[in-house]
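First to last, the sequence lines map onto chains W and Z.
For the first sequence, this note's numbering gives the first residue as 40, with consecutive numbering after it.
For the second sequence, this note's numbering gives the first residue as 3, with consecutive numbering after it.
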Amino acid sequence: GPKVLQIPSHQIIDMGQMVTLNCDPVSNHLYFYWYKQILGQQMEFLVNFYNGKVMEKSKLFKDQFSVERPDGSYFTLKIQPTALEDSAVYFCASSPRDWGYEQYFGPGTRLTVL
Amino acid sequence: SQLAEENLWALSVHEGESVTVNCSYKTSITALQWYRQKSGEGPAQLILIRSNEREKRNGRLRATLDTSSQSSSLSITATRCEDTAVYFCATPGGSNAKLTFGKGTKLSVKS
C-alpha cells in the first residue's frame, strides 16, 4: 500500500540545537500532519497542513516549532531551539482529503534531546 | 480530558482465540477509526465506522458503534501472532481532520 517515509529514524541532539524532521508523504495526498508520542503515552496531534498553510495546531505546537513543504518536496517539522521535553517519537501522516479519509502514517522519527 | 480512550491497558490471548477491544468517547462524532500500531511502526488504519453505521467488517475484524452509549468495539476472530500490537480508537476533533487517539490497548497473541 501507499507508504509515508520519515528521515531520519533516530536523531540525538543537544538541548538548544535546531533539528529538522523530514517526511516524504504519499505522492497524491493533499493533507499533511505531525503527531507526537512520548513513550508510554498516547499519540497527540501537533499540526496539520494544507495548500501551503497550517490549518490547525495544538497547544503542543510551540512557537519554536515550524512546518513547511517547499516546492512539493519533503514536509518538514523544524524545532528551534530544542528543549528536553521535545524528546519523543514524531509521526508524520498524510491523507488524500480531510476527515473521513484514512491517514497514512510513517514509521516515526525518535528524537532524543540531551 | 481525552476525547477517546480504550477501556483496557493490555490483553493477552492464545492464537486462534477471539478478542474484543473496547473504546469510549466523550463527544458526538461523525465517525470513529480503529488503528493498529505494531512495535517500531506508525499506526495503520483498520476500520472507519461512521455514526450512521452500527457495524462494519474487514476480514477477521469487526467494529461496532453505539452512539447512545458513546462506545465502540473492535473484535478480532481467529487471532494470529502477527495481530500482536497496540490498538487505538481515534475520533475527529476540529474541522481539519485532527485525530484524537486513546492510550491504546496492548494486545499480545501467544502461540
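Here a beta-carbon is modelled for each residue, glycine too, at the ideal position from N, C-alpha and C.
On a predicted model such as this, the values are computed, not experimentally measured, just so you know.
Inset, instruction - Please name the residues in the stretch 79–99 of chain W whose beta-carbon is closer than 8 Å to at least one beta-carbon of chain Z, in chain order. - result: From the stretch 79–99 of chain W, only Gln80, Gln81, Met82, Glu83, Phe84, Asn87, Tyr89, Met94, Glu95, Ser97 have a Cβ closer than 8 Å to chain Z.
Inset, instruction - Could you list which residues in chain Z have their beta carbon closer than 9 Å to that of Phe130 of chain W, in chain order? - result: Near Phe130 of chain W (Cβ distances below 9 Å), the residues of chain Z are Gly44, Pro45.
Inset, instruction - Classify Leu69 of chain W as helix, strand or coil using the three-state DSSP reduction. - result: Looking at Leu69 of chain W - three-state DSSP - the assignment turns out to be coil, as it is neither helix nor strand.
Inset, instruction - Tell me whether the beta-carbon of Val15 of chain Z lies closer than 8 Å to the beta-carbon of Thr81 of chain Z. - result: For Val15 of chain Z and Thr81 of chain Z, yes; Cβs fall inside 8 Å.
Inset, instruction - For the beta strand (DSSP E) holding Arg52 of chain Z, just list the boundary residues, first then last. - result: Its beta strand (DSSP E) spans residues 46–52.
Legend entry - Between the CA atoms of Thr69 of chain Z and Ser30 of chain Z - distance to the nearest angstrom: Their backbone Cα atoms lie some 8 Å apart in a straight line.
Inset, instruction - Run the CB neighbour count on Met57 of chain W, radius 10 Å, all protein chains shown included, and call it buried at 16 or more, exposed below. - result: Classification of Met57 of chain W: exposed, given that the 10 Å Cβ count is below 16.
Legend entry - As assigned by DSSP and simplified to three states, the class of Glu57 of chain Z: Residue state, collapsed to three classes: strand.
Legend entry - Interface residues of the stretch 139–150 of chain W facing chain Z [CB-CB below 7 Å]: Answer set for the stretch 139–150 of chain W: Gly139, Glu141, Gln142, Phe144, Gly145, Pro146, Gly147.
Inset, instruction - Check Asp125 of chain W in the structure and name its three-state DSSP category. - result: Correct three-state label for Asp125 of chain W: helix.
Inset, instruction - Using a Cβ-Cβ cut-off of 8 Å, state whether Leu63 of chain Z counts as contacting chain W. - result: Not a single CB atom of chain W sits nearer than 8 Å to the CB of Leu63 of chain Z.
Inset, instruction - Can you grab the Cα-Cα spacing for the pair Asp125 of chain W / Trp11 of chain Z, in whole Å? - result: Between Asp125 of chain W and Trp11 of chain Z, the C-alpha separation is close to 25 Å.
Legend entry - Residues near Leu48 of chain Z by beta carbon distance below 6 Å, same chain, minus five either side: Contacts found: Trp36, Arg38, Leu63.
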